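So that you can map any letter, position 54 of the sequence shown is 1332 in this note's numbering, and since no number is skipped, the others follow by simple counting. By construction, the Cβ of each residue, glycine as well, lies at the ideal position given by its N, Cα and C atoms. Values in this document were obtained by computation on a predicted structure and should not be read as measured data.
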Amino acid sequence: PPSSGPTQQTYQSQRIDPDMVPNVVQVLEQSQEKIQEPFITNAPGSIPPLAATDFVC
């Protein structure tokens, strides 16, 4: 029968590869370039601009 007590899970230590992390400045610049028009909040499936992006709602 399954145990009703707490179980211990083992987790592998995973490291983040620094080469896989995007450049923050580049990501912000790309976001700013994409958002040239007012952002429409009721458009389905649209991803909002980053918090640091200048935009008009």
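Between residue i and residue j, is the Cβ-Cβ spacing less than 8 Å?
| i | j | result |
| --- | --- | --- |
| Gln-1308 | Asp-1332 | no |
| Leu-1306 | Ala-1321 | no |
Helix, strand or coil for residue i, going by three-state DSSP, please let me know.
| i | result |
| --- | --- |
| Glu-1311 | helix |
| Asp-1295 | coil |
| Leu-1328 | coil |
Should the stretch 1311-1318 be called in touch with the stretch 1294-1303, which here means at least 3 C-beta pairs below 8 Å? no
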